[in-house]
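Report on the following structure.
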Amino acid sequence: MTTRARTLDLGLDARLHALARQAQRQADSSGRPVVATLVEPSPVQDPIARFVRAPVELTRALWWGADSLALVGLGEALALGPAPCAGGVYQGHGLDVSPAEIAREWRRLAAGALVDAPSDSPALAGPLLLGGFAFDPLRLTEPAWRSFPAARLVLPRLLLLGEGDRWWLASTLVAWPGRDPAGELEELRRLRALLLQPAPSGCMPATNGRALPVEVVRRELCGPERWRAMVERAITAIRRGELAKVVLARAVEVSGPEPVSVERVLRWLAAGYPGCTLFAFSYGDAVFLGATPERLVRLHARRIETMALAGSIRRGTTPEEDAALAGALLASEKDRQEHAVVVDELRAALAPACRALEIPREPSLLSMRNVHHLATPVRGELAGDSTVLDLVERLHPTPAVGGVPRAAALAFIRSHEPVDRGWYAGPVGWVDRSGEGEFAVALRSGLIRGRTARLYAGCGILADSDPEAEYAESELKLQPLLRALEGA
1 MTTRARTLDL GLDARLHALA RQAQRQADSS GRPVVATLVE PSPVQDPIAR FVRAPVELTR
61 ALWWGADSLA LVGLGEALAL GPAPCAGGVY QGHGLDVSPA EIAREWRRLA AGALVDAPSD
121 SPALAGPLLL GGFAFDPLRL TEPAWRSFPA ARLVLPRLLL LGEGDRWWLA STLVAWPGRD
181 PAGELEELRR LRALLLQPAP SGCMPATNGR ALPVEVVRRE LCGPERWRAM VERAITAIRR
241 GELAKVVLAR AVEVSGPEPV SVERVLRWLA AGYPGCTLFA FSYGDAVFLG ATPERLVRLH
301 ARRIETMALA GSIRRGTTPE EDAALAGALL ASEKDRQEHA VVVDELRAAL APACRALEIP
361 REPSLLSMRN VHHLATPVRG ELAGDSTVLD LVERLHPTPA VGGVPRAAAL AFIRSHEPVD
421 RGWYAGPVGW VDRSGEGEFA VALRSGLIRG RTARLYAGCG ILADSDPEAE YAESELKLQP
481 LLRALEGA
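Here the sequence shown is numbered in UniProt numbering, starting from 1 and rising by one per residue.
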């Protein structure tokens with residue numbers, strides 16, 4: 001950042017006021033809301049600090065990708081999805097909040113957006129949506145997920161965007177037909193003033209959890225016996241030919257003596273899982289966060305990228321044991337079969353939208369801190385004018401988190417899993433004004449509210465699955481969040 005770069009200031013400058021007046025004229029003339037965004041350089045930011053230290057009443061979003069792209073959204077200029085009922089609680093799910101429906105609405109808004117940006121700013125440094133979707137929009141929402149509806153994509157009032165050591169601030173307002181934009185400008189002034197406040201003293205280090213551990217109380221929401229019965233019913237359905245595969249999930253709740261330190265959890269995950277995408281969404285009194293290894297889909301310059309991720313085994317305690325376990329995973333007929341199902345379904349879902357697909361013949365290893373995965377990258381060139389949200393509609397849920405056939409697997413999960421997944425295993429991510437963006441599968445994740453956190457993990461069930469082995473695998477997948485919480 002050069003000395004000539006503009007710094008954040010308390011007032012909204014003349015350019016923003018002029019942009020607001022232009023947007024208002026356009027909204028009054030068209031009878032439709034108009035999005036207006038001013039982009040300016042920003043000092044380098046600490047994305048985790050900006051997320052956690054903003055006022056808790058603000059809608060907040062954090063995305064920190066494995067490619068180092070960082071997005072922090074503060075405030076809410078607009079939200080797409082179902083409207084809340086009394087008390088901010090969302091009631092009911094439905095197909096009208098599908099990714100494709102939101103894509104159509106966002107396309108209309110983005111087409112008329114006004115953007116005042118420096119010529120050297122990145123293309124996505126403008127108005128964009130951050131948010132996600134429930135795993136199953138047709139399942140009734142449990143009270144724990146009351147702040148997280150079937151879909152919620154937010155256009156932040158302030159968006160901080162970082163690529164390496166270059167950072168940008170996008171200030172956004174929405175002009176509504178016949179409405180004075182003064183209130184929108186005042187809210188932007190208030191939020192921008194927050195960015196001038198110095199960071200609080202005692203900034204938490206990027207720790208691997210070496211602080212004194214917190215004693216937590218654990219409560220099983222799907223214990224071993226209930227898990228065994230559910231898996232056995234799934235195996236029976238598979239052997240009858242009703243399903244080819246189904247992914248079942250379990251949940252635990254942990255609570256401590258003090259409110260969970262969201263900052264420490266995020267820093268622990270960022271340090272321990274640098275190859276994952278770190279995400280967090282704060283609505284009301286709850287934060288949904290995680291560090292996921294699984295990309296659902298990325299669309300950039302008309303190139304589509306996704307990944308088949310299915311088949312897992314623990315890491316070894318010595319280099320020799322670790323290598324042996326990795327070799328066993330690569331040779332495992334059960335895991336290779338589970339993985340092949342995911343690859344085939346990704347191919348079938350994307351082929352109609354692509355000119356060509358590039359899929360390796362054999363899976364490779366994706367090694368995380370506590371587990372090896374079988375992974376196959378899938379790439380293609382977009383054939384039509386689909387947005388990343390349209391691709392989310394095609395892909396979610398993949399067989400890696402749902403099953404095959406999709407409808408039958410979802411029906412089985414809906415009928416047999418005792419705990420609503422909420423946004424766990426759902427798509428989370430962002431979409432820019434051109435319709436490009438990235439969504440990940442919200443794995444290795446948890447819902448935090450005060451002193452309590454609800455954590456999820458799942459396993460793919462096939463005809464020869466062993467309930468005890470699958471339970472042990474799910475326990476392994478819970479460890480990243482459990483260890484982060486013990487350090488928080």
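Glycine is no exception: its CB is placed at the ideal position from the N, C-alpha and C atoms.
For residue i, which of the options has the nearest alpha-carbon?
i    : options                   : result
A353 : R369, A308, A400 and R302 : R302
M307 : V154, G223, D344 and V265 : D344
L466 : W227, G437 and A349       : Sequence inspection shows Asp at residue 466; the Leu mentioned does not correspond to that position. Nearest of W227, G437 and A349 to D466, Cα basis: W227.
R53  : V72, G65, S42 and V44     : V72
L80  : Q22, A61 and E101         : E101
S312 : A469, R166, L124 and A237 : A469
S30  : A125, G126, A408 and G112 : G112
S121 : L38, L140, T292 and C276  : L38
L185 : W167, L194 and R157       : R157
G178 : D28, P137 and A291        : D28
G275 : N370, R406 and E473       : N370
G380 : A349, S42, D67 and P137   : A349
G327 : L346, S367, V342 and P360 : S367
E358 : P377, V342, Y273 and V341 : P377
L188 : V216, I238 and T172       : T172
Flag this pair as yes or no: are the beta carbons of residue i and residue j separated by less than 7 Å?
i    : j    : result
S33  : W176 : Looking at the sequence itself, residue 33 is Pro, so the reference to Ser does not match. Their beta carbons are under 7 Å apart, which means P33 touches W176 by this criterion.
V388 : L299 : yes
F288 : W430 : no
R365 : H372 : Residue 365 is actually Leu in this sequence, not Arg. Yes, they are a contact pair.
L153 : V297 : no
R451 : P259 : yes
P427 : V404 : no
V174 : L329 : no
Y456 : A249 : yes
G402 : A409 : yes
L161 : A125 : yes
E294 : L462 : no
L169 : E40  : yes
A61  : V97  : no
S147 : G241 : no
I need the straight-line Cα distance from residue i to residue j, nearest angstrom please.
i    : j    : result
R50  : G435 : 26 Å
G75  : A18  : 22 Å
H93  : A134 : Per-residue confidence for H93 stands at a pLDDT of 42, beneath the threshold of 50, marking its modelled position as unreliable; the derived number appears in the next sentence. Taking the straight line joining both Cα atoms gives about 9 Å.
P363 : E305 : 16 Å
R315 : Q479 : 12 Å
V441 : E225 : 28 Å
V246 : G460 : 6 Å
S255 : L16  : 45 Å
P205 : W64  : Confidence is the limiting factor: at P205 the pLDDT is only 40, short of 50, which leaves the residue's position unreliable and the question unanswerable from this model.
P397 : D335 : 19 Å
L266 : I48  : 7 Å
L325 : G458 : 20 Å
T417 : L221 : The displayed chain sequence assigns Glu, not Thr, to residue 417. Computed Cα separation, rounded: 10 Å.
R104 : A36  : 19 Å
E321 : S474 : 21 Å
T236 : R483 : 35 Å
Residue i by DSSP, collapsed to three states: which one?
i    : result
R25  : helix
L78  : strand
F51  : helix
R406 : helix
E436 : coil
I461 : strand
H372 : strand
W423 : coil
V428 : strand
L443 : coil
R449 : strand
F281 : strand
L10  : Residue placement at L10 cannot be trusted, given a pLDDT of 44 that sits under 50; what the coordinates show is reported in the next sentence. L10 falls in the coil class under three-state DSSP.
R157 : coil
Y273 : coil
Could you check if residue i belongs to the surroundings of the ligand ZN, using beta carbon to heavy atom distance under 6 Å?
i   : result
V44 : Absence of the ligand ZN is noted for the structure shown, with no ligands found whatsoever.
- Message: Report the start-end ranges of each beta strand (DSSP E) in the segment 164-250 that is 3 residues or longer and not cut off at the edges.
- Response: 166-175 and 217-220
- 3 or more residues per run - each beta strand (DSSP E) lying fully within the segment 285-317: Listed in chain order, the complete beta strand (DSSP E) runs (minimum 3 residues) inside the segment 285-317 are 286-292, 295-300 and 303-314.
- Item | Length at least 3, wholly inside the segment 100-133: the beta strand (DSSP E) runs in chain order | 114-116 and 128-133
- Query: What are the complete alpha helix (DSSP H) segments, minimum 4 residues, inside the segment 315-356?
  - Reply: 319-331 and 333-350
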